[in-house]
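Position one of the sequence shown corresponds to residue 59 (the working numbering), numbered consecutively onward.
Even glycine gets a Cβ: it sits at the ideal position worked out from N, Cα and C.
This one's a predicted model, so the numbers in the text were calculated from it and none came from an experiment.
Reading through the structure tokens given below for one structure.
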Amino acid sequence: MMENGVVGDEEQNQTAINGGVCSKNDVASNSAVSHSSSDRPVRVYADGIYDLFHFGHARSLEQAKKLIPNTYLLVGCCNDETTHKFKGKTVMNAAERYESLRHCKWVDEVIPDAPWVIDQEFLDKHQIDYVAHDSLPYADASGAANDVYEFVKAVGRFKETKRTDGISTSDIIMRIVKDYNQYVMRNLDRGYTRKELNLSYVKA
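Dropping the structure here:
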């Protein structure tokens, strides 16, 4: 979730195709996933860290929302303590990451302090029907499982989404680090002090 301007629907579709993520047509075709008829919305859960929320995050949530008709999308986001322990330092704090998600139109409900590994108790508590994420195995740094989604895959409640190539939080941070001096000068020109930027006179 880019900053250079608004992109039209057709250009978004072509970018998605070129970038390796499913297009809007692909998302629509995924909605054919069968589910028993019921007046109750299908409760789909997606989770993540969502640091520096970008369009790759938004596209994955769009896919999760459109996997099944009449979906109520719950999005879990890990707190700072859990994230820093198992994944590393974030740019945004937990409150900022939660708030970013609340402003994504695909999200119906944000679940703060989400668990690192999903279990049956969590599924029951939030009445979750399916969990949506890309299908790559995510090693569980907590040591509870080989894959953080191992349990939901085993019980048949996992639905696959596709990643967007060419955009990630790490990629955005890499761009800033690569052009560090330019961004330092940019912020100095905008009135930030050396102290605020944690700069010594030698660095500048």
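N- and C-terminal bounds of the beta strand (DSSP E) containing residue i
{"i": "Val-102", "result": "100 to 106"}
{"i": "Lys-253", "result": "That residue, Lys-253, is in no beta strand (DSSP E); it is neither H nor E in DSSP."}
Where residue i falls, given that 16 or more other Cβ within 10 Å makes a residue buried
{"i": "Ala-153", "result": "exposed"}
{"i": "Leu-132", "result": "buried"}
{"i": "Lys-217", "result": "buried"}
{"i": "Arg-248", "result": "exposed"}
{"i": "Asp-187", "result": "buried"}
{"i": "Ser-158", "result": "buried"}
{"i": "Leu-255", "result": "exposed"}
{"i": "Gly-114", "result": "buried"}
{"i": "Val-175", "result": "buried"}
{"i": "Gly-106", "result": "buried"}
{"i": "Ser-185", "result": "It should be noted that the sequence gives Gln, not Ser, for residue 185. Exposed."}
{"i": "Arg-244", "result": "exposed"}
{"i": "Leu-110", "result": "buried"}
Residue range of the alpha helix (DSSP H) that includes residue i
{"i": "Phe-209", "result": "208 to 212"}
{"i": "Ser-228", "result": "227 to 236"}
{"i": "Lys-123", "result": "113 to 124"}
{"i": "Ala-153", "result": "152 to 160"}
{"i": "Lys-147", "result": "Element bounds for Lys-147: n/a, residue is neither H nor E."}
{"i": "Gln-178", "result": "178 to 183"}
Alpha carbon of residue i to alpha carbon of residue j, nearest angstrom
{"i": "Tyr-241", "j": "Leu-119", "result": "31 Å"}
{"i": "Gln-116", "j": "Tyr-207", "result": "Note that residue 116 is Ala in the sequence shown, not Gln. When rounded, the distance between both Cα atoms is 20 Å."}
{"i": "Ile-123", "j": "Thr-251", "result": "The sequence shown places Lys at residue 123, rather than the Ile named in the question. So the alpha carbons of these two residues sit roughly 43 Å apart."}
{"i": "Met-232", "j": "Arg-98", "result": "43 Å"}
{"i": "Val-165", "j": "Leu-125", "result": "13 Å"}
{"i": "Phe-209", "j": "Ile-234", "result": "37 Å"}
{"i": "Cys-135", "j": "Ser-258", "result": "36 Å"}
{"i": "Ser-92", "j": "Asn-239", "result": "Here the model assigns Ser-92 a pLDDT of 45, short of 50, so the residue's position is not dependable, and the following value carries that caveat. Rounded to whole angstroms, Ser-92 to Asn-239 spans 53 Å at the Cα level."}
{"i": "Asp-138", "j": "Val-189", "result": "22 Å"}
{"i": "Ile-169", "j": "Asp-237", "result": "35 Å"}
{"i": "Asp-192", "j": "Gly-224", "result": "15 Å"}
{"i": "Asp-177", "j": "Ile-230", "result": "32 Å"}
{"i": "Arg-160", "j": "Asp-182", "result": "23 Å"}
{"i": "Arg-101", "j": "Glu-179", "result": "15 Å"}
{"i": "Asp-141", "j": "Lys-211", "result": "It is worth fixing the name first, because residue 141 is Thr in this sequence and not Asp. Using only the alpha carbons, I get a separation of about 23 Å."}
{"i": "Arg-215", "j": "Tyr-196", "result": "17 Å"}
{"i": "Thr-222", "j": "Ser-228", "result": "13 Å"}
{"i": "Thr-129", "j": "Lys-143", "result": "32 Å"}
{"i": "Asn-204", "j": "Lys-253", "result": "44 Å"}
{"i": "Ala-172", "j": "Tyr-103", "result": "11 Å"}
Identity of the residues DSSP links to residue i by a beta bridge
{"i": "Gly-134", "result": "Asp-105 and Ile-169"}
{"i": "Glu-218", "result": "His-191"}
{"i": "Thr-129", "result": "Val-100"}
Near the ligand PLP: residue i beta-carbon under 7 Å from a heavy atom
{"i": "Pro-170", "result": "This structure simply doesn't include the ligand PLP, nor any ligand for that matter."}
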